[in-house]
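Working notes, structure below.
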Amino acid sequence: MRKAGTQMNNLRADERISIALRTMYRQYGYLPYKVSKFEEYDLYMRNKAFLMSENVLAFSDMDGKLMALKPDVTLSIIKNTKDEGDQLKVCYAEQVYRVPRGAKGFKEIMQTGLEVIGAVDAYTMGEVLMLAARSLKAISEDYALDVADLGVVSGILAKENLTDAQRAQLIALISDKNLHGLAAQCASLGVGTDTANMLEKLVTVYGPFEETLAQYEAMALPEACGEALANLRAVLEMMKLCGVERMNLDFSVVNDMNYYNGLIFAGFIDGVPSSVLSGGRYDYLMQKMGRSAQAMGFAVYLDQLARQMDTRCGYDVDTLIVYDSHTPQKRIIEAAAKATADGMRVRVQRVGETAVRSREMIDLCGEGKA
Amino acid sequence: MNKMINVALPKGRLGDKAYKMLEASGYPCPAIYEDNRKLTFENPEAGVRYFLVKPSDVAVYVERGAADIGIAGKDILLEYKPDVYELLDLKMGRCRMCVAGPKDFHDDHAHTLRVATKFPNIARAYYSGLSREIELIHLNGSIELAPLVGLSDVIVDIVETGKTLYENGLAPLEEIVPISARLIANKSSFKFKGDALRTLCACMEKAVNP
Chain Y
19 MRKAGTQMNN LRADERISIA LRTMYRQYGY LPYKVSKFEE YDLYMRNKAF
69 LMSENVLAFS DMDGKLMALK PDVTLSIIKN TKDEGDQLKV CYAEQVYRVP
119 RGAKGFKEIM QTGLEVIGAV DAYTMGEVLM LAARSLKAIS EDYALDVADL
169 GVVSGILAKE NLTDAQRAQL IALISDKNLH GLAAQCASLG VGTDTANMLE
219 KLVTVYGPFE ETLAQYEAMA LPEACGEALA NLRAVLEMMK LCGVERMNLD
269 FSVVNDMNYY NGLIFAGFID GVPSSVLSGG RYDYLMQKMG RSAQAMGFAV
319 YLDQLARQMD TRCGYDVDTL IVYDSHTPQK RIIEAAAKAT ADGMRVRVQR
369 VGETAVRSRE MIDLCGEGKA
Chain F
70 MNKMINVALP KGRLGDKAYK MLEASGYPCP AIYEDNRKLT FENPEAGVRY
120 FLVKPSDVAV YVERGAADIG IAGKDILLEY KPDVYELLDL KMGRCRMCVA
170 GPKDFHDDHA HTLRVATKFP NIARAYYSGL SREIELIHLN GSIELAPLVG
220 LSDVIVDIVE TGKTLYENGL APLEEIVPIS ARLIANKSSF KFKGDALRTL
270 CACMEKAVNP
């Protein structure tokens with residue numbers, strides 16, 4: 019029983035999931051992409067707001083150039099792509115270094131994900147979203163994938179004369195589901211009543227994808243939202259074809275509008291306190307980096323999973339082999355070889371040492387005694 | 070999976086008030102009135118478990134999912150910016166985040182302003198908004214003492230009645246932001262215990278805005 023999958027059983031939950039995810043991405047033709055651990059510091063300073071935390075571990079290279087241990091993979095991949103027009107599909111699994119929200123120090127985080135760079139059409143969007151949902155499902159059946167389209171938010175805000183900072187304030191309140199704060203901020207910014215009411219709807223109307231989308235379609239949203247709603251409808255129809263479930267339409271996933279546009283999403287696992295997957299369309303980031311291509315992708319953060327999902331077993335090894343000074347070495351070697359051949363994890367130990375926790379014990383003490 | 074709602078309550082007056090509100094909304098847990106040193110109280114019938122924690126720690130418990138919801142002051146939310154949903158303004162524990170200092174204080178911009186506070190992030194954000202360079206002095210209590218003994222020029226602190234300030238010859242100089250208690254929720258719990266949390270939130274809202 020143990021024998022099958024023994025190699026996988028010896029891996030931590032995050033390692034196991036990372037392998038399963040990359041296998042899935044490879045099946046859909048996403049080519050593995052390796053980026054260097056180091057990157058020019060300047061890349062991150064120019065795109066600070068795209069990063070989840072502003073802190074970057076920096077150091078000087080041999081020639082005095084300021085370098086960084088990469089806090090993110092997406093920027094490095096974009097930097098290394100040529101603007102040729104052909105669609106590029108890549109996947110990766112890399113360690114990144116950053117300060118998690120609320121933490122006091124840097125942490126090494128395993129990030130696995132994929133990117134599509136080039137023309138992003140309806141099929142591509144659906145494929146990326148479907149892979150995001152399947153990634154979550156590979157982690158746990160109890161998952162939720164929240165989607166939204168930033169086009170709806172920008173459509174609602176289109177006729178208001180707001181600065182970028184003011185828009186960012188409103189978006190932060192939507193993402194906190196902070197209804198009272200949103201009402202107060204709309205009043206203080208002099209946002210029109212119609213717009214304020216529609217923004218409120220973005221906070222209060224959420225839930226299962228299909229019925230919630232129907233609710234939004236039935237609202238009298240500005241014409242500028244039309245494309246985004248049609249986009250969501252197209253994605254929904256494709257998700258139905260793919261048999262993807264457990265998707266919600268929820269505008270609390272909205273993010274920085276300077277980088278992202280269009281579809282945006284975040285994934286949650288029951289029992290893990292914050293989102294484990296995030297992604298979306300980031301054409302604006304491409305433009306900021308001087309590329310004309312469109313782009314979409316997502317990342318899965320596996321650092322929180324190891325703790326939550328590794329079921330503690332009550333033993334360290336399967337078989338404990340105990341010997342003493344009389345036991346012939348040949349006996350020990352044979353016993354250990356037999357147990358490992360059976361797929362057991364074996365610990366060989368002299369009698370009298372503190373015993374590790376084991377499922378079974380083979381006592382060779384006294385064997386060979388004259 | 071346990072579908073009890075875990076609630077982090079701040080120890081002290083605000084927590085007592087918030088608990089009364091929850092009790093009246095249909096989430097009672099009489100064990101909380103027993104005079105002992107227990108930190109968790111459970112009522113399986115009502116489906117709630119309460120934790121009593123230090124007020125500044127409520128957001129930590131909620132952000133990390135140990136509690137599904139909690140009651141935290143806006144001051145703590147502004148200072149630590151936890152990744153949580155802010156569902157409701159409970160309109161209690163009202164006070165103001167203020168700059169305070171000697172009554173006749175005049176900022177002459179000739180020196181870096183020395184600011185003592187328990188809320189370094191709020192203070193830094195406020196003064197960087199004014200493009201005023203400051204020297205931050207992080208204290209953990211008795212902030213009012215700092216300007217009296219020359220440790221700082223002004224303080225950034227919560228002002229409720231202003232009594233402590235006036236008795237020490239200080240006065241509120243500028244209001245940074247009004248503060249009140251908020252109902253916060255863990256983002257992941259909100260997906261998986263959503264119905265229970267929404268019901269609780271709706272009951273609380275009725276109590277706040279009758």
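Top line first, the protein sequences correspond to chains Y and F.
According to this note's numbering, the stretch in the first sequence is residues 19 to 388, in order.
According to this note's numbering, the stretch in the second sequence is residues 70 to 279, in order.
We treat Cβ as the ideally placed atom computed from N, Cα and C, and that holds for glycine.
Minimum Cβ-Cβ distance from residue i to chain F less than 8 Å
{"i": "alanine 162 (chain Y)", "result": "yes"}
{"i": "aspartate 212 (chain Y)", "result": "no"}
{"i": "arginine 119 (chain Y)", "result": "yes"}
{"i": "lysine 195 (chain Y)", "result": "yes"}
{"i": "methionine 19 (chain Y)", "result": "Residue placement at methionine 19 (chain Y) is poorly supported in this model, since its pLDDT is 41, which falls under 50; the coordinates are not used for a value here."}
{"i": "glycine 199 (chain Y)", "result": "yes"}
{"i": "phenylalanine 286 (chain Y)", "result": "yes"}
{"i": "proline 291 (chain Y)", "result": "yes"}
{"i": "serine 71 (chain Y)", "result": "no"}
{"i": "serine 270 (chain Y)", "result": "yes"}
{"i": "leucine 29 (chain Y)", "result": "no"}
Cβ-Cβ distance between residue i and residue j below 8 Å
{"i": "lysine 143 (chain F)", "j": "valine 277 (chain F)", "result": "no"}
{"i": "proline 216 (chain F)", "j": "leucine 205 (chain F)", "result": "no"}
{"i": "leucine 149 (chain Y)", "j": "leucine 168 (chain Y)", "result": "no"}
{"i": "cysteine 243 (chain Y)", "j": "valine 170 (chain Y)", "result": "yes"}
{"i": "valine 374 (chain Y)", "j": "aspartate 334 (chain Y)", "result": "yes"}
{"i": "lysine 88 (chain Y)", "j": "glutamate 57 (chain Y)", "result": "yes"}
{"i": "alanine 128 (chain F)", "j": "leucine 146 (chain F)", "result": "yes"}
{"i": "isoleucine 101 (chain F)", "j": "tyrosine 130 (chain F)", "result": "no"}
{"i": "glutamate 420 (chain Y)", "j": "glutamine 129 (chain Y)", "result": "Past the boundaries of the shown model lies residue 420 (chain Y); chain Y is included only from 19 to 388, so the question cannot be answered."}
{"i": "serine 257 (chain F)", "j": "phenylalanine 316 (chain Y)", "result": "no"}
{"i": "valine 76 (chain F)", "j": "isoleucine 138 (chain F)", "result": "yes"}
{"i": "aspartate 336 (chain Y)", "j": "arginine 299 (chain Y)", "result": "no"}
{"i": "methionine 257 (chain Y)", "j": "glycine 144 (chain Y)", "result": "yes"}
{"i": "valine 225 (chain F)", "j": "alanine 192 (chain F)", "result": "yes"}
{"i": "aspartate 176 (chain F)", "j": "leucine 182 (chain F)", "result": "yes"}
{"i": "asparagine 266 (chain Y)", "j": "phenylalanine 227 (chain Y)", "result": "yes"}
{"i": "phenylalanine 269 (chain Y)", "j": "alanine 166 (chain Y)", "result": "yes"}
{"i": "alanine 189 (chain Y)", "j": "valine 272 (chain Y)", "result": "In the sequence under discussion, the amino acid at residue 189 (chain Y) is isoleucine, which differs from the alanine named in the question. Their beta carbons are under 8 Å apart, which means isoleucine 189 (chain Y) touches valine 272 (chain Y) by this criterion."}
{"i": "glutamine 312 (chain Y)", "j": "valine 114 (chain Y)", "result": "no"}
{"i": "leucine 75 (chain Y)", "j": "alanine 86 (chain Y)", "result": "yes"}
{"i": "leucine 399 (chain Y)", "j": "valine 253 (chain Y)", "result": "Residue 399 (chain Y) is absent from the model: chain Y starts at 19 and stops at 388."}
Cβ shell of residue i (< 6 Å), same chain only, five flanking positions each side left out
{"i": "tyrosine 341 (chain Y)", "result": "Ile350 and Leu382"}
{"i": "cysteine 260 (chain Y)", "result": "Met148"}
{"i": "asparagine 73 (chain Y)", "result": "Val117"}
{"i": "glycine 23 (chain Y)", "result": "Only weak support is given to the placement of glycine 23 (chain Y): the predicted model assigns it a pLDDT of 47, under 50, and the question is left unresolved by the model."}
{"i": "asparagine 28 (chain Y)", "result": "none"}
{"i": "asparagine 112 (chain F)", "result": "Cys98"}
Residues near residue i by beta carbon distance below 8 Å, same chain, minus five either side
{"i": "glutamate 218 (chain Y)", "result": "Leu197, Leu200 and Ala201"}
{"i": "threonine 230 (chain F)", "result": "none"}
Per DSSP, cross-strand counterpart(s) of residue i
{"i": "glycine 297 (chain Y)", "result": "Y:Phe283 and Y:Phe316"}
{"i": "threonine 186 (chain F)", "result": "F:His207 and F:Val225"}
{"i": "glutamate 155 (chain F)", "result": "F:Ile253"}
{"i": "phenylalanine 269 (chain Y)", "result": "None; phenylalanine 269 (chain Y) has no bridge partner."}
{"i": "alanine 76 (chain Y)", "result": "Y:Ala86"}
{"i": "glutamate 111 (chain F)", "result": "F:Arg118"}
{"i": "glycine 208 (chain Y)", "result": "According to DSSP, glycine 208 (chain Y) bridges with nothing at all."}
{"i": "glutamate 57 (chain Y)", "result": "Y:Ala86"}
{"i": "cysteine 270 (chain F)", "result": "Per DSSP, none; premise fails for cysteine 270 (chain F)."}
{"i": "cysteine 109 (chain Y)", "result": "Y:Pro50 and Y:Leu132"}
Neighbourhood of residue i by C-beta, 7 Å cutoff - its chain only, sequence neighbours within 5 removed
{"i": "methionine 379 (chain Y)", "result": "Leu338 and Val340"}
{"i": "valine 262 (chain Y)", "result": "Met148 and Ala151"}
{"i": "methionine 70 (chain F)", "result": "Caution is warranted here: a pLDDT of 41 is assigned to methionine 70 (chain F), below 50, making its placement in the model unreliable, and the coordinate value is therefore given only provisionally. Correct list: empty, nothing qualifies."}
{"i": "serine 125 (chain F)", "result": "Ile145"}
{"i": "asparagine 237 (chain F)", "result": "Glu213 and Leu217"}
8 Å Cβ cutoff, residue i in contact with chain Y
{"i": "lysine 256 (chain F)", "result": "yes"}
{"i": "tyrosine 119 (chain F)", "result": "no"}
{"i": "phenylalanine 188 (chain F)", "result": "no"}
{"i": "arginine 267 (chain F)", "result": "no"}
{"i": "glutamate 154 (chain F)", "result": "Inspection of the sequence shows that residue 154 (chain F) is occupied by tyrosine rather than by glutamate. Closer than 8 Å: yes."}
{"i": "leucine 252 (chain F)", "result": "no"}
{"i": "aspartate 176 (chain F)", "result": "no"}
- Message: When you compare the region 281-297 of chain Y with the region 316-324 of chain Y, are there three or more beta-carbon pairs, one atom per stretch, that lie closer than 8 Å?
- Response: yes
- Query: Is there contact between the region 151-160 of chain F and the region 266-276 of chain F, where contact requires at least three CB pairs shorter than 8 Å?
  - Reply: yes
- Message: Does the region 97-109 of chain Y come into contact with the region 46-54 of chain Y, if we say contact requires no fewer than three beta-carbon pairs (one atom in each stretch) closer than 8 Å?
- Response: yes
- Is there contact here, the region 229-246 of chain F with the region 164-175 of chain F, by at least three beta-carbon pairs under 8 Å? yes
- Is the region 79-91 of chain F touching the region 352-365 of chain Y in the sense that three or more CB pairs, one from each, lie closer than 8 Å? no
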